[in-house]
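Asker: The opening residue of the sequence shown carries number 165 in the numbering used here; numbering runs sequentially from there.
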Amino acid sequence: MAAFAKRLGTGKLAALSRELPVDKRTAFDGALRQRRLVQEMENHVQKLVRQSAKVRDKFFLYSIMPELSEAQWSTARRHPTHPPEKFIEGAKAFRRQFWEEGMGRFDEPMLPFNARTRKVAESGKWIAYDVVLDVFPDLFAWGVLVLPKDLKPGERRPVVVCQHGRNGVPRDTLDANNTAYNNFAGALAERGFITFAPHNLYRGEDRYRWLSRKANTVKATLFSFIIAQHDQILRWLATLPNVDGERIAFYGLSYGGETAVRVPAILEKYCLSICSGDFNQWTRKVAATDEPFSFMRTIEWEMPYWNLGHTFDYAEMTYLMAPRPFMVERGHLDRVGVDSWVSHEYAKTRWLYAQLGLAERTEIEFFQGGHSINGEGTFAFLHKHLNWPSKTTPNP
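See below:
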């Protein structure tokens, strides 16, 4: 130290004092200072959240179609719409980015299906089979296939993939006593649809979160596995003799609703998607500290994804589905959020579809219920867009 001080031209160093320093501040409060520091950081994050919608618009929507940002004041009763082709073509690069940078992609070849099946349930109108498919060497997919009994040889019907939520299993979607699912996979089969209820990995607290955290270290997420599983399921369904591979729809509740805005946004073989019990302002829900339904106040610590707040909230995910039909099912008393948040985010989806001349392809249904499949407007939506005649079978 003496040599170092000499080089700096400070001369001889003074001896260190043996006296301890004395804090002469009379009004210092360390706890208050720490609270103030944390509050400053929180205020900064919440400011970024408030500004994030404009960042996302500039990043995605307006980069594809700058003309959508140039609207002027008008009293015209009608305005022309924009041909959707430009947006559809421009969205392709963002779909790749959402998959690779947002959800994470395992870019390796799929194994042969090696399908294994067994009969597990039967009603007067349908038969259900467990199905297991190979995906990667250490990953398989499984679910329940429900076939209506009135299928005719050579007839090809639409399929509705019915997705369970957190800690659920495929058979839940066939349970009439489960007030969340209300037998919706069985009810749709009674209406003549083929249904398939896949198993998603979000079961077993907190084991799937450990898997997600491990996946983060290799630029992947829980949905990296789920997307691969659904990709294989879609490929397999399209090979079945009674399936119309161009009419495979997705309908999910809760975490299945979260899947409904992520997986079909990437896998275009899903011809439409219905999000039930989940649609929200995702960025706010992840980061809010002042709402009881925020992920800041739950055990779901796997929910933050890399930079989605500046790239893809739920509206942007639905943009990736255009021109395919998309619907939201929302219970007024569903505590995953509040109607005002859901309506705010869905309005962006509805606006873009309208600007592209696709307004008739998107809907939202509110019902006086909770975190549940309602099965009214959504069933009509499926009949309409899957071009399948409606039967008089009552809803669940």
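Glycine included, every Cβ here is placed at the ideal spot set by N, Cα and C.
As the structure is a prediction and not an experimental result, all values here were calculated from the model.
Counting only runs that start and end within the segment 221-309, where is the beta strand (DSSP E) found for 3 or more residues in a row?
Answerer: Taking only runs of at least 3 residues, the beta strand (DSSP E) segments lying wholly in the segment 221-309 are 280-286, 290-300.
Asker: For residue 471 and residue 266, I'd like the C-alpha separation in whole angstroms.
Answerer: Each residue's Cα considered, the two are about 8 angstroms apart.
Asker: Among 351, 269, 271, which one has its Cα closest to the Cα of residue 540?
Answerer: Nearest option by C-alpha distance: 351.
Asker: For the pair the segment 302-312 and the segment 355-372, tell me if three or more CB-CB distances fall below 8 angstroms.
Answerer: Short answer: they touch.
Asker: What does DSSP give as the partner residue(s) for residue 482 in the beta ladder?
Answerer: Answer by DSSP bridge pairing: none, since residue 482 is not bridged.
Asker: Looking at residue 255 and residue 291, is the spacing between their C-beta atoms short of 8 angstroms?
Answerer: The answer is no: Cβ separation not under 8 angstroms.
Asker: Is residue 244 buried or exposed, if buried means 16 or more other CB atoms sit within 10 Å of its CB?
Answerer: Exposed, by the Cβ-count rule.
Asker: Would you mind stating whether residue 430 and residue 259 have Cβ atoms separated by less than 8 angstroms?
Answerer: In contact: residue 430 and residue 259 (Cβ atoms closer than 8 angstroms).
Asker: What are the uninterrupted segments assigned as beta strand (DSSP E) that are 3 or more residues long and contained completely in the segment 481-516, given in chain order?
Answerer: The qualifying runs are 490-495.
Asker: In its own chain, which residues sit with a C-beta less than 8 angstroms from the C-beta of residue 477, not counting the 5 before and 5 after it?
Answerer: Contacts found: 216, 217, 220, 445, 446, 447, 509.
Asker: Pick from 491, 170, 375, 191: whose alpha carbon is nearest that of residue 415?
Answerer: Residue 415 has its Cα closest to that of 491, out of 491, 170, 375, 191.
Asker: Just checking, does the segment 310-326 make contact with the segment 396-415 on the three C-beta pairs under 8 angstroms criterion?
Answerer: Yes, since at least three Cβ pairs between the segment 310-326 and the segment 396-415 fall closer than 8 angstroms, the two stretches touch.
Asker: Would the beta-carbon of residue 423 fall within 8 angstroms of that of residue 397?
Answerer: It is not a contact, given that the beta carbons lie outside the stated cut-off.
Asker: Helix, strand or coil: which one does DSSP assign to residue 554?
Answerer: Residue state, collapsed to three classes: coil.
Asker: Please report the residue range of the alpha helix (DSSP H) in which residue 388 lies.
Answerer: Start and end: 386-401.
Asker: Any contact between the segment 429-443 and the segment 481-501? By contact I mean 3 or more CB pairs, one from each, below 8 angstroms.
Answerer: Touching, yes, given that three or more Cβ pairs across the two stretches are closer than 8 angstroms.
Asker: Taking only the alpha-carbon atoms, compute the straight-line gap between residue 224 and residue 479 and give it to the nearest angstrom.
Answerer: Computed Cα separation, rounded: 11 angstroms.
Asker: I'd like the list of long-range same chain contacts for residue 298, defined as Cβ closer than 6 angstroms, with 5 residues on each side in sequence excluded.
Answerer: Closer than 6 angstroms at the Cβ level, and outside the excluded window around residue 298, lie 275, 278, 304.
Asker: Using the Cα positions of residue 568 and residue 441, report the straight-line distance between them to the nearest angstrom.
Answerer: Past the edges of the chain, shown from 165 to 560, lies residue 568, and the structure says nothing about it.
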